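Asker: Residue numbers (our numbering): 1032 to 1253.
My structure is below; once you've seen it, I'll send some questions.
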Amino acid sequence: MQSLSQYATLIFDCDGVLLDSNAVKTRAFGEVTERYGMEISSAFVDYHVRNGGVSRYQKFRYLFSDLLRRQPHVQEAEQLLQAYADKVREGLLTCAVADGLAELREVTAPSGWLVASGGDQQELRQIFQMRELTAYFDHGIHGSPAPKNQILQDALSIGKIQLPALFIGDSRFDHVCAKQAGLDFVFVYRWSEFPEWQEYCRRESVASFEDISALLRAMGPL
């Protein structure tokens, strides 16, 4: 793996990498599905945690198709999505932002920066603007409803991602998407909710770092 300054593009997941927002979203998923009973809600939260990086749209489809085993009533899915978004918004505006971003941006000044997240794209762009993070990501802030693997493939096809490129993520799905796209990958674990991350990183030979500051110390300029 190269030093950070040698990558043409850096791609970041958002939740658990740039923002300490995984717990915010886990709590919101649990609260909005309590109406279906604690057994369903608990199973849904477990699915969410095991599928970090997957969009809320796909997760709510799973709720109906696999847990409730029925079609949503009129406006039911839309109401769930809105209730979830309302609960998440305040948390996204107040949760911690990763240390070291400004220093990393300076070290990788010639590199393009891009966000590829499972979070809602419109919501992400609003939150990043309000938290004064938008300017870091000159190659765009991208999220659902497009799935993460499609975001990466589209960005490659139009030149927003130039190789060599590094994806910084905190989930199994992030790593899978990076491999499919031909990107290098590192795992940051401080805010991750992936319980088996250590075993997974050993098995897959994935480099892991506590957070972006630790990544910068380890892979900064030689």
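From the three backbone atoms N, C-alpha and C, an ideal C-beta is built for every residue, glycine too.
These numbers come from a predicted model, not from an experiment.
If you draw a straight line from the alpha carbon of LEU1112 to that of GLU1163, how long is it in whole angstroms?
Answerer: Counting from 1 along the sequence shown, the entry for residue 1112 is found at position 81. Counting from 1 along the sequence shown, the entry for residue 1163 is found at position 132. Rounded to the nearest angstrom, the two C-alpha atoms are 26 Å apart.
Asker: Look at the alpha carbon of TYR1038 and the alpha carbon of ALA1196, and state the distance between them as a whole number of angstroms.
Answerer: As a first step, residue 1038 is located in the sequence shown; it is residue number 7 there, counting from the start. As a first step, residue 1196 is located in the sequence shown; it is residue number 165 there, counting from the start. When rounded, the distance between both Cα atoms is 5 Å.
Asker: The alpha helix (DSSP H) with PHE1159 in it runs from where to where?
Answerer: If you number the sequence shown from 1, residue 1159 lands on position 128. Residues 1152-1161.
Asker: Tell me which residue opens and which closes the alpha helix (DSSP H) that THR1125 is part of.
Answerer: Numbered from its first residue, the sequence shown carries residue 1125 at position 94. Counting along the chain, the alpha helix (DSSP H) containing THR1125 begins and ends at 1107-1125.
Asker: Quick check on DSSP: helix, strand or coil for SER1175?
Answerer: Residue numbering aside, residue 1175 sits at position 144 when the sequence shown is read from its first letter. In the three-state DSSP reduction, SER1175 falls in the strand class (E or B).
Asker: Cβ of ASP1201 within 8 Å of Cβ of PHE1225?
Answerer: Numbered from its first residue, the sequence shown carries residue 1201 at position 170. Numbered from its first residue, the sequence shown carries residue 1225 at position 194. In contact: ASP1201 and PHE1225 (Cβ atoms closer than 8 Å).
Asker: Whether or not the stretch 1172-1184 and the stretch 1148-1155 are in contact is what I'm after, with contact meaning three or more pairs of Cβ atoms, one per stretch, closer than 8 Å; do they touch?
Answerer: In short, these stretches touch, since the Cβ pair count reaches three.
Asker: Could you tell me which of ASP1185, TRP1222, ASP1130 sits nearest to LEU1145, measuring between CA atoms?
Answerer: Taking the sequence shown and counting its residues from 1, the one referred to as residue 1145 is at position 114. Residue ASP1185 holds the alpha-carbon nearest to the alpha-carbon of LEU1145 among ASP1185, TRP1222, ASP1130.
Asker: What residues in its chain sit with their C-beta under 6 Å from that of ILE1192, if we drop five residues either side in the sequence?
Answerer: Position 161 of the sequence shown, counted from the first residue, corresponds to residue 1192. Once the five neighbours on either side are set aside, the close Cβ partners of ILE1192 are THR1040, ALA1186.
Asker: Counting pairs of beta carbons, one from the stretch 1079-1089 and one from the stretch 1228-1244, are three or more of them closer than 8 Å?
Answerer: Contact between the stretch 1079-1089 and the stretch 1228-1244 is absent, because fewer than three Cβ pairs lie under 8 Å.
Asker: Using 8 Å as the threshold, is the C-beta distance between ALA1140 and LEU1183 below it?
Answerer: For the purposes of this step, residue 1140 is taken as the residue at position 109 of the sequence shown. For the purposes of this step, residue 1183 is taken as the residue at position 152 of the sequence shown. Taking 8 Å as the Cβ cut-off, ALA1140 and LEU1183 do not qualify as a contacting pair.
Asker: What does a CB cutoff of less than 7 Å around ILE1158 pick up in its chain, not counting 5 residues either side in sequence?
Answerer: As a position in the sequence shown, residue 1158 is number 127, starting the count at 1. Answer for ILE1158: LEU1123, LEU1124, listed in chain order.
Asker: Just mark MET1250 as buried or exposed, buried being the case when its beta carbon has 16 or more other beta carbons within 10 Å.
Answerer: Along the sequence shown, read from residue 1 onward, the residue named residue 1250 stands at position 219. That one is buried.
Asker: Report the residue ranges of all beta strand (DSSP E) runs contained in full by the stretch 1033-1106; include only those spanning at least 3 residues, in chain order.
Answerer: 1040-1043
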